[in-house]
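Enquirer: Take a look at the following structure, please.
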Amino acid sequence: MNDPVIERIELHRLEVPLVRPFETSFGRETVREVLLVHVVTDSGEGWGECVAGRDPFYSGEYVDGAASVIERYLGPALIAERGRAATEHGSTDAASWATTDGPGSRGASVPLAASVASTLAFVAGHRMAKGALEAAVLDAELRAQGRSMGEAFGATRDWVDCGVSVGIAPTLDELLDEVAGYVEEGYRRIKLKIKPGWDLVPVGAVRELLGPDGLLQVDANTAYSADDIPLLASLDAFGLLLIEQPFAEEDLATHVRLAEACETPVCLDESILDVMTAIDAIDRGATSVVNIKPGRMGGYLEALRVHDACRALDVPVWCGGMLETGIGRAANVALAALPGFTLPGDTSASGRYFAEDVTEPFMLGSGAHRGQLEVPATPGTGVTVREQLVREWAGRPPVVLTR
Ligand code: OSB
Ligand code: MG
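Note that the numbering used here gives residue 168 to position 168 of the sequence shown, counting from 1, and the numbers run on in steps of one.
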């Protein structure tokens with residue numbers, strides 16, 4: 001089969017209100033500024049979601065920068081390269097993605113998606129922008145082949161366990177009300193955002209609410225420094241699953257010191273940029289659990305490599321989230337169905353974020369599937385983008401890049 005040729009790339013910018021403000025140690029969001037990438041090839045179409053936020057606070061990447069780098073550099077390069085590769089070189093070697101668990105479980109048959117990272121490698125950084133393009137190409141390619149993302153990734157489950165990430169609340173009472181609501185909905189794990197001044201007291205109160213067996217973890221989004229190691233180690237008293245990214249992205253050394261000072265596993269998020277940084281952080285003892293966010297790692301294909309590497313090292317992983325719409329969520333849920341994802345993810349239902357989603361909503365199951373989301377089984381991401389809604393919610397006309 002000839003590789004598909006990319007005919008057009010459209011960038012759609014949407015502002016989607018959150019059902020409640022989401023506050024972290026780095027800021028407060030009331031609206032999700034979404035950048036969607038729509039790729040049209042000669043054999044089908046696909047959608048990808050960029051996870052960059054409105055501001056460069058969680059990461060150096062932010063949505064205006066991602067849109068700009070795609071429009072000016074990445075999009076034109078991808079269109080030009082695919083024109084060239086399809087006419088001159090024929091098929092691309094996808095062996096780099098064929099880290100199979102067994103024959104046919106992964107499939108090496110996504111040559112177009114597998115070539116995106118190398119085509120775009122001439123641009124430094126900008127992983128979230130690159131990851132959105134790769135996701136759209138992957139969706140298009142899999143739809144053309146009639147294969148679901150779960151099938152292509154090597155999913156081993158039909159349903160995934162869901163946790164929920166709970167923002168910093170105005171008061172302790174409001175936090176407890178919010179957490180109680182999520183428990184009632186069935187979420188299998190609670191993650192509390194913490195920062196200096198909002199840590200021991202809310203964590204203790206939520207532990208009390210959940211009881212000793214409730215799964216609970218915390219995420220500091222780099223808000224602490226080495227002086228806080230004793231305070232963070234005192235979180236051991238609350239039986240947490242893990243402490244996520246207390247120190248700066250570049251600061252593996254202080255994470256190693258904390259890991260040596262406490263019983264609770266240390267888990268890196270911001271610091272893990274690709275499979276190389278993941279293995280390095282594990283080798284150094286800076287992380288014993290890994291938060292996998294495909295956007296932060298430049299795409300699903302690199303996320304699969306991180307999953308495989310962690311699995312080989314017996315390091316548990318879980319799927320993080322970036323307040324995605326149904327487009328990014330669908331792919332995250334497919335990824336979270338892989339065998340190394342042994343902890344519940346930040347893969348919450350659509351309703352935890354938005355009153356209305358741009359795809360059919362993801363809803364928690366009931367009965368045996370309480371607190372779980374079902375892995376989409378139809379081709380590509382398996383969800384349908386409500387294009388009319390995308391147009392209605394767009395704050396500006398789409399940017400269209402063509403051959
Ligand atoms: O650190 O995991 C994080 C959202 C935006 C940026 C960073 C993070 C988060 C979350 C939300 O915790 C997870 C979700 O999508 O539910
Ligand atoms: Mg985090």
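We treat Cβ as the ideally placed atom computed from N, Cα and C, and that holds for glycine. As the structure is a prediction and not an experimental result, all values here were calculated from the model.
Quick one, what's near the ligand OSB if you take every residue whose CB is closer than 6 Å to any heavy atom, in chain order?
Expert: Those residues are Y58, S165, D219, N221, D269, G320, G321, M322, L323, D346 and S348, given in chain order.
Enquirer: Give the straight-line distance between the Cα atoms of I279 and E260, rounded to the nearest whole angstrom.
Expert: To locate residue 279, count along the sequence shown from 1; it is residue 279. To locate residue 260, count along the sequence shown from 1; it is residue 260. Cα-Cα distance, rounded: 18 Å.
Enquirer: Can you list, in chain order, the stretches of the beta strand (DSSP E) that have 3 or more residues and sit fully within the segment 20-95?
Expert: 27-41 and 44-50
Enquirer: Classify T119 as buried or exposed, calling it buried when 16 or more other Cβ atoms lie within 10 Å of its own Cβ.
Expert: Along the sequence shown, one-based indexing puts residue 119 at 119. The residue in question, T119, is buried, as its Cβ has 16 or more Cβ neighbours within 10 Å.
Enquirer: Within its chain, find whatever has a CB closer than 8 Å to the CB of Y62; leave out the 5 residues flanking it on each side and keep chain order.
Expert: Numbered from its first residue, the sequence shown carries residue 62 at position 62. Only A52, G53, R54, D55 and P56 meet the Cβ criterion.
Enquirer: Pick helix, strand or coil for L216, following the three-state DSSP scheme.
Expert: Position 216 of the sequence shown holds residue 216. Assigned with DSSP and collapsed to three states, L216 falls in strand.
Enquirer: Measuring alpha carbon to alpha carbon, tell me which residue in T222, V34, E7 and D228 is nearest P354.
Expert: Along the sequence shown, read from residue 1 onward, the residue named residue 354 stands at position 354. One point to set straight first is that residue 354 is Phe, not Pro, in the sequence displayed. Selected option, being the one with the closest Cα: V34.
Enquirer: Can you tell me whether F238 is helix, strand or coil according to DSSP?
Expert: Counting from one through the sequence shown, the residue named residue 238 turns up at place 238. Helix.
Enquirer: For A394, which of helix, strand or coil comes out of DSSP?
Expert: Position 394 of the sequence shown holds residue 394. Residue state, collapsed to three classes: strand.
Enquirer: Grouping DSSP H, G and I as helix and E and B as strand, with all else coil, what is E263?
Expert: Counting from 1 along the sequence shown, the entry for residue 263 is found at position 263. Coil at E263, not helix or strand.
Enquirer: My assumption, with CB atoms under 8 Å, is that A66 sits in contact with H126. Please give the rounded CB distance.
Expert: Sequence index remark: in the sequence shown, residue 66 carries index 66 (1-based). Sequence index remark: in the sequence shown, residue 126 carries index 126 (1-based). The beta-carbon separation of A66 and H126, rounded to 7 Å, stays under the 8 Å limit for a contact.
Enquirer: Buried or exposed, going by whether 16 or more other CB atoms sit within 10 Å of the CB of D161?
Expert: Counting from one through the sequence shown, the residue named residue 161 turns up at place 161. When all chains shown are included, D161 counts as buried.
Enquirer: For P265 and L252, what's the separation of their Cα atoms in angstroms?
Expert: Your numbering for residue 265 matches position 265 in the sequence shown. Your numbering for residue 252 matches position 252 in the sequence shown. Take the alpha-carbon of P265 and the one of L252: they are about 14 Å apart.
Enquirer: CB-CB under 8 Å to G75, same chain, minus the five flanking residues each way: which ones, in chain order?
Expert: Within the sequence shown, numbered from 1, the residue matching residue 75 stands at position 75. Excluding residues within five positions, the ones whose Cβ falls inside 8 Å are I9, L11, L133 and L401.
Enquirer: With a threshold of 8 Å, are at least 3 pairs of Cβ atoms found where one atom belongs to the segment 316-333 and the other to the segment 373-391?
Expert: yes
Enquirer: Between the C-alpha atoms of P17 and V31, what's the straight-line distance to the nearest angstrom?
Expert: Translated into positions along the sequence shown, residue 17 becomes position 17. Translated into positions along the sequence shown, residue 31 becomes position 31. Distance between the alpha carbons of P17 and V31: 4 Å.
Enquirer: Could you pull out every unbroken alpha helix (DSSP H) segment of at least 4 residues lying fully inside the segment 324-354, listed in chain order?
Expert: 326-336
Enquirer: Looking at the secondary structure, which residues open and close the alpha helix (DSSP H) in which G150 lies?
Expert: Working through the sequence shown from its first residue, we reach residue 150 at position 150. Unbroken alpha helix (DSSP H) run through G150: M149 to F153.
Enquirer: Label P111 either buried or exposed according to how many other C-beta atoms from any shown protein chain fall within 10 Å of its C-beta, with 16 as the threshold for buried.
Expert: If you number the sequence shown from 1, residue 111 lands on position 111. Looking at its Cβ environment, which holds 16 or more other Cβ atoms inside 10 Å, P111 is buried.
Enquirer: Tell me the DSSP secondary structure of D158 in three-state form.
Expert: In the sequence shown, residue 158 corresponds to position 158, counting from 1. Coil, per DSSP.
Enquirer: Any contact between the segment 175-191 and the segment 145-154? By contact I mean 3 or more CB pairs, one from each, below 8 Å.
Expert: no
Enquirer: Between the C-alpha atoms of R207 and P344, what's the straight-line distance to the nearest angstrom?
Expert: For the purposes of this step, residue 207 is taken as the residue at position 207 of the sequence shown. For the purposes of this step, residue 344 is taken as the residue at position 344 of the sequence shown. About 17 Å.
Enquirer: Run through DSSP, which three-state label would V385 get?
Expert: As a position in the sequence shown, residue 385 is number 385, starting the count at 1. Looking at V385 - three-state DSSP - the assignment turns out to be coil, as it is neither helix nor strand.
Enquirer: Starting from the Cα of A140, find the closest Cα among S109, A309 and T156 and give me that residue.
Expert: As a first step, residue 140 must be located in the sequence shown, where it is residue number 140. Of the listed residues, the one whose Cα sits closest to A140 is S109.
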